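Visitor: This structure is in structure tokens; I'll ask about it shortly.
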Amino acid sequence: EKGGHEYFMLKEIDEQPTALADTLRGHFAGGRVVLDEQRLSDQDLRDVDKVFVVACGSAYHSGLVAKYAIEHWTRLPVEVELASEFRYRDPVLDRDTLVVAVSQSGETADTLEAVRHAREQKARVLAVCNTNGAQIPRESDAVLYTHAGPEIGVASTKAFLAQIAANYLVGLALAQARGTKYPDEVAREFHELAAMPEAVRTVLGTTARVQALGRELADAKAVLFLGRHVGYPVALEGALKLKELAYMHAEGFAAGELKHGPIALIEPGLPVVVVMPSPKGRAVLHSKLVSNISEIQARGARTIVIAEEGDETVRPFADELIEVPAVPTLLQPLVSTVPLQVLAAEIARSRGYDVDKPRNLAKSVTVE
Ligand code: M6R
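As numbered in UniProt numbering, residues 252 to 619 make up the sequence shown, in order.
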């Protein structure tokens with residue numbers, strides 16, 4: 252059942268192209284993006300004036316990624332919030348608020364309570380869920396299923412990539428309903444998304460170097476992760492994977508925050524993973540990150556750089572260079588997360604830990 256893999260997680264990492272393709276399948280028909288159960292009409296989508304994404308853990312990171320795309324495509328304000336924080340404050344919600352509740356299991360207690368709270372306040376709730384008939388989709392106004400298949404490893408991998416894809420479908424459906432994107436633009440965005448399973452497959456074909464690096468880093472005391480824009484949530488996700496699997500101190504930062512504190516942590520030999528944006532996309536983001544890397548390298552950090560293939564400018568600053576295929580900026584998390592999953596799994600294996608069942612954690616957190 253592990254399909255020749257030592258751990259379910261490793262199998263699930265390999266299944267990511269299929270998880271993405273299955274999640275996107277059927278969602279573009281007649282020149283339009285279509286959501287699953289259209290319990291939210293086009294008029295409902297047109298009326299939306301604010302979006303909240305609520306979730307926990309990796310699902311929350313998928314929401315952070317989606318914020319960049321949904322705001323860009325729809326010009327709607329998008330707030331992304333941990334379900335455990337959202338439910339205990341008094342968020343401003345009304346019937347024109349769309350709350351997107353993202354949950355692999357569909358049973359996470361805080362996310363479920365956030366859904367209940369949102370519905371009491373008359374907000375419309377769309378669940379993005381990987382588990383048919385789970386509680387969160389049952390209590391939501393509408394559901395968009397991710398089709399990642401069952402995820403056994405406690406660490407989320409294929410479900411996370413599928414969540415990003417599903418959140419993007421929500422963004423495109425909103426843009427289409429609101430007319431903030433022309434139909435041909437929506438079609439183009441969808442087709443770019445549909446090309447991602449192939450790009451992820453390419454990344455999966457080049458993980459041997461990352462595994463070797465994981466073995467080298469097995470005794471590191473801490474690892475930092477830096478990114479900007481959509482690379483920032485990728486940095487958070489990379490750090491979470493490392494914490495939960497390898498029990499290693501790991502932190503993700505927005506690279507722009509370095510000088511506001513984290514740079515004090517940099518010392519000789521400290522591994523720092525940097526998630527680079529494409530040099531062809533947002534040139535300014537790229538050059539800012541290059542200068543961040545040069546600063547940390549000058550202080551002796553061991554720089555591990557995830558960059559687009561052919562990105563020559565970054566090479567002098569990369570002690571280790573992990574190349575990923577060129578894809579549009581907003582889609583980069585789908586390729587740049589994969590090496591970080593492999594890295595965390597390999598560090599954990601090298602330290603002799605059970606990659607599928609990290610200590611103290613459960614696959615679905617049904618108590619607070
Ligand atoms: O089932 P959910 O998506 O609601 O779960 C949310 C988190 O518990 C989950 O993503 C957790 O953070 C993973 N173990 C991360 O790998």
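In this text, a Cβ means the ideal position worked out from N, Cα and C, and glycines have one as well. In this text the structure is predicted, and so the values were computed from the model without any measurement.
Pull up the distance between the alpha-carbon of V589 and that of L344, whole angstroms please.
Guide: For V589 and L344, the distance between alpha carbons rounds to 35 Å.
Visitor: Please classify A500: does DSSP put it in a helix, a strand, or coil?
Guide: The question names Ala, yet the displayed sequence has His at residue 500. In this structure, H500 counts as strand in the three-state DSSP scheme.
Visitor: Could you check what DSSP says for L315 in three-state terms: helix, strand or coil?
Guide: In this structure, L315 counts as helix in the three-state DSSP scheme.
Visitor: DSSP three-state label for Y604, please.
Guide: The answer is coil: DSSP assigns Y604 none of H, G, I, E or B.
Visitor: Can A486 be considered in contact with ligand 1, in the sense that its beta carbon sits closer than 7 Å to one or more heavy atoms?
Guide: It does not: the Cβ of A486 is nowhere closer than 7 Å to a heavy atom of ligand 1.
Visitor: So, using beta-carbon positions, are residue 192 and A486 closer together than 8 Å?
Guide: Summary: the structure shown does not reach residue 192, with the chain confined to residues 252 through 619, and so no result is reported for it.
Visitor: Work out the CA separation of K492 and G456 for me, nearest whole Å.
Guide: So the two alpha carbons sit approximately 21 Å from each other.
Visitor: Report the residue from A426, T382, K432, V437 whose alpha carbon sits nearest the alpha carbon of A413.
Guide: Taking only the C-alpha atoms, the option nearest A413 is T382.
Visitor: Let me make sure I understand the geometry here. Which of V350, M260, L420 has the alpha-carbon closest to that of A272?
Guide: The shortest C-alpha separation from A272 is found at L420.
Visitor: What beta strand (DSSP E) runs, 3 residues minimum, are completely inside the stretch 480-549?
Guide: 500-505, 522-526, all fully within the stretch 480-549.
Visitor: Short check: CB of G507 to CB of E597, under 8 Å?
Guide: In this structure, E597 does not lie closer than 8 Å to G507 by Cβ.
Visitor: Among the residues of its own chain, which have a CB less than 7 Å from the CB of D293, if the five just before and after it don't count?
Guide: Excluding positions up to five away in sequence, the list reads A428.
Visitor: Tell me the rounded alpha-carbon separation between residue 239 and W324.
Guide: Outside the shown range of the chain, which is 252 to 619, sits residue 239, and nothing can be said about it.
Visitor: Looking at C-beta atoms only, is the number of pairs between the stretch 352-369 and the stretch 295-308 that lie closer than 8 Å three or more?
Guide: Yes: the two stretches touch, three or more of their Cβ pairs being nearer than 8 Å.
Visitor: Using DSSP bridges, identify the partner residues of A352.
Guide: V305, A378, per the DSSP bridge assignment.
Visitor: At a cut of 8 Å, does the stretch 446-454 reach the stretch 318-337 through at least three beta carbon pairs?
Guide: In short, these stretches do not touch, since the Cβ pair count stays below three.
Visitor: With 16 as the cutoff for other CB atoms within 10 Å, does H537 come out buried or exposed?
Guide: Its Cβ being crowded by 16 or more others within 10 Å, H537 is buried.
Visitor: Kindly indicate which residue of P579, R276, G603, A595 has the alpha-carbon position closest to the one of T458.
Guide: Closest by alpha carbon: A595.
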